[in-house]
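**Q** Each residue of the sequence shown is one higher than the last, beginning at 65 in the working numbering. The beta-carbon is built from N, C-alpha and C at its ideal position, and this holds for glycine as well. These numbers come from a predicted model, not from an experiment.
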Amino acid sequence: MFMHMRESALTYFENPPYPIMSAQIIDGKAVAENLRESIRQAVEERINNGLRRPGLAVILVGDNPASQVYVRNKKLACEKAGITSFEHTPPADISEADLLALIHELNNDDRVDGILVQLPLPAHIDEESVIETISPDKDVDGFHPYNIGRLMIGKPTFRPCTPQGVTRLLETTGVDITGNDAVIVGRSNIVGRPMAFELLAKDCTPKICHSRSKDLPAQIKQADIVVAAIGKPGFIQAHWIKPGAIVIDVGINRLESGKLTGDVDFEAAKEVAGYITPVPGGVGPMTIACLLENTLESARNRD
Ligand code: GUN
């Protein structure tokens, strides 16, 4: 009996139900560093030409520890790129009216090219009101309905940073993704929904799946490109993935051990996928680089 089990296990590993190959790891950290360096040079050139230094205002409401880390990283990245950052850290109990007044003030401040309100916000503040109060021409997060609408009609202005970062990573693979079937898992306004329009602009055929989608593994199995943005550690299984597919993991989940991990079972999936992003070091660094790029673009628009 024992021998029999051992033999069948060996047979399984010698003849797995999918071809064993090792994916190319997409190095988001390196791509982001290159982009940040090119932004730093462009900012330096602006200053040498007597132009204004770009400025980004970041508003962090309250003391959410994860948001504090994200905001600190954004601030540091600005400094390194030569972009001025203006930090505002109102307490968690700030009224919505006071927060909107601060945004109006920043809308009218000529030193400020970009305004970013770190999400999530405390429950008593309406996220839509906040996003819609940011002037669309300073909305470097690309969350304002005007900017989302522009992306949707294929005439983008500011594109949301994470989906934009994913597109840039897809470009670095050099793979022709024209006509590819893409499955996005997650329908958030920040990632899932805008990602569909990023992929449509690349002539892919995007499908947004979510927690109510039927037979998610079967849907993913059809996909040449999988973008995982659900926020569940290791949720996407290797045997759901089509051999050779491009797998982009947007998840940033902190395990109890403190370790960061994505939405994809990376160790197993990298033996099936053609290309895959790691966590950390994949999509995460691209989000900040794209934020800097949007801020530089805003400064150029406002020269
Ligand atoms: N919270 C999580 N991601 C983001 C982001 O890209 N921008 C903002 N403003 N808040 C976030």
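Tell me whether His208 is buried or exposed, calling it buried when 16 or more other Cβ atoms sit within 10 Å of its Cβ.
**A** Counting from one through the sequence shown, the residue named residue 208 turns up at place 144. In this structure His208 is buried. Its beta-carbon is surrounded by 16 or more other beta-carbon atoms within 10 angstroms.
**Q** With a threshold of 8 Å, establish whether the CB of Ser362 neighbours any heavy atom of ligand 1.
**A** Walking along the sequence shown from the start, residue 362 turns up at place 298. Checking every heavy atom of ligand 1 against the Cβ of Ser362, none is found closer than 8 Å.
**Q** Given this structure, state the Cα-to-Cα distance separating Arg104 from Ala353, to the nearest angstrom.
**A** Numbered from 1 along the sequence shown, position 40 holds the residue referred to as residue 104. Numbered from 1 along the sequence shown, position 289 holds the residue referred to as residue 353. One C-alpha to the other measures close to 11 Å.
**Q** On the CB-based measure, 16 or more other CB atoms within 10 Å of its CB, does Met259 come out buried or exposed?
**A** Within the sequence shown, numbered from 1, the residue matching residue 259 stands at position 195. That one is buried.
**Q** So what's Pro227 in DSSP terms, helix, strand or just coil?
**A** Within the sequence shown, numbered from 1, the residue matching residue 227 stands at position 163. Pro227 falls in the helix class under three-state DSSP.
**Q** So what does Asn317 bridge to, in DSSP terms?
**A** For this step, residue 317 is matched to residue 253 along the sequence shown. Bridge partners of Asn317: Thr325.
**Q** From Gly346 to Asp313, what distance separates their C-alpha atoms?
**A** Here residue 346 refers to the residue found at position 282 when the sequence shown is read from its first residue. Here residue 313 refers to the residue found at position 249 when the sequence shown is read from its first residue. Between Gly346 and Asp313, the C-alpha separation is close to 7 Å.
**Q** Please state whether the Cβ-Cβ distance between Gln182 and Ile89 is less than 9 Å.
**A** Residue numbering aside, residue 182 sits at position 118 when the sequence shown is read from its first letter. Residue numbering aside, residue 89 sits at position 25 when the sequence shown is read from its first letter. No, Cβ-Cβ distance for Gln182 and Ile89 is not below 9 Å.
**Q** Where do the ends of the alpha helix (DSSP H) carrying Ala96 lie?
**A** Counting from 1 along the sequence shown, the entry for residue 96 is found at position 32. Residues Gly92 to Asn112.
**Q** Counting C-beta neighbours from all protein chains within 10 Å, is the total for Glu101 16 or more, i.e. buried, or is it exposed?
**A** Within the sequence shown, residue 101 is the residue found at index 37, counting from 1. So Glu101 ends up on the exposed side.
**Q** Rounding to the nearest angstrom, what Cα-Cα distance links Tyr147 and Pro307 in this structure?
**A** Start at 1 with the first residue of the sequence shown, and residue 147 comes out as number 83. Start at 1 with the first residue of the sequence shown, and residue 307 comes out as number 243. The residue asked about is misnamed: residue 147 is Ile in this sequence, not Tyr. Whole-angstrom Cα-Cα distance: 42 Å.
**Q** Give me the Cβ distance between Ala309 and Asp288, rounded to the nearest whole Å; I'm assuming they're in contact under 8 Å.
**A** Within the sequence shown, numbered from 1, the residue matching residue 309 stands at position 245. Within the sequence shown, numbered from 1, the residue matching residue 288 stands at position 224. That pair is a contact at about 6 Å.
**Q** According to the Cβ coordinates, are Cys142 and Thr351 closer than 9 Å?
**A** The residue given as residue 142 occupies position 78 in the sequence shown. The residue given as residue 351 occupies position 287 in the sequence shown. Contact flag unset, no.
**Q** Smallest Cα separation from Leu234: which of Asn211, Ser86 and Gly92?
**A** For the purposes of this step, residue 234 is identified with residue 170 of the sequence shown, where counting begins at 1. Residue Gly92 is the option with its Cα nearest to Leu234.
**Q** Have a look at Asn137, Ser275 and Ser86 and flag the residue whose alpha-carbon is nearest the alpha-carbon of Ile348.
**A** Here residue 348 corresponds to residue number 284 of the sequence shown, with the count starting at 1. Residue identity differs from the one stated: residue 348 is Gly in this sequence, not Ile. It is Asn137 whose Cα lies nearest to the Cα of Gly348.
**Q** Pick helix, strand or coil for Cys273, following the three-state DSSP scheme.
**A** Within the sequence shown, residue 273 is the residue found at index 209, counting from 1. If DSSP states are grouped into helix, strand and coil, Cys273 belongs with the strands.
**Q** Helix, strand or coil: which one does DSSP assign to Phe66?
**A** As a first step, residue 66 is located in the sequence shown; it is residue number 2 there, counting from the start. Per-residue confidence for Phe66 stands at a pLDDT of 44, beneath the threshold of 50, marking its modelled position as unreliable; the derived number appears in the next sentence. Three-state DSSP puts Phe66 in a helix.
**Q** Can you tell me whether DSSP reads His208 as helix, strand or coil?
**A** In the sequence shown, counting from the first residue as 1, residue 208 sits at position 144. Note: His208 maps to coil in three-state DSSP.
**Q** Report the rounded CA-to-CA distance for Met216 versus Ala130, giving the unit in angstroms.
**A** Within the sequence shown, residue 216 is the residue found at index 152, counting from 1. Within the sequence shown, residue 130 is the residue found at index 66, counting from 1. Met216 and Ala130: Cα-Cα distance of roughly 30 Å.
**Q** Grab me the residues of Gly326's own chain with a C-beta within less than 6 Å of its C-beta, minus the 5 sequence neighbours each way, in chain order.
**A** As a working note, residue 326 is residue 262 in the sequence shown. Sequence-distant Cβ neighbours of Gly326 in its own chain, meaning closer than 6 Å and more than five residues away, are Asp313, Gly315 and Val343.
**Q** Compute the Euclidean distance between the alpha carbons of Gly206 and Glu191, then round it to the nearest angstrom.
**A** Locating residue 206 in the sequence shown gives position 142, counting from the first residue. Locating residue 191 in the sequence shown gives position 127, counting from the first residue. Answer to the nearest angstrom: the Cα atoms are 14 Å apart.
**Q** With a threshold of 8 Å, establish whether the CB of Leu180 neighbours any heavy atom of ligand 1.
**A** The count along the sequence shown starts at 1 and reaches residue 180 at position 116. Leu180: yes, Cβ under 8 Å from ligand 1.
**Q** Is Ile254 near ligand 1, judged by its Cβ being under 8 Å from some heavy atom?
**A** The residue given as residue 254 occupies position 190 in the sequence shown. Yes, ligand 1 has a heavy atom inside 8 Å of this Cβ.
**Q** Out of curiosity, what's the CA-to-CA distance linking Thr153 and Asp279?
**A** Taking the first residue of the sequence shown as 1, we reach residue 153 at position 89. Taking the first residue of the sequence shown as 1, we reach residue 279 at position 215. Straight-line Cα distance between these residues: approximately 43 Å.
**Q** Helix, strand or coil for Ala246, going by three-state DSSP, please let me know.
**A** Counting from 1 along the sequence shown, the entry for residue 246 is found at position 182. Note: Ala246 maps to strand in three-state DSSP.
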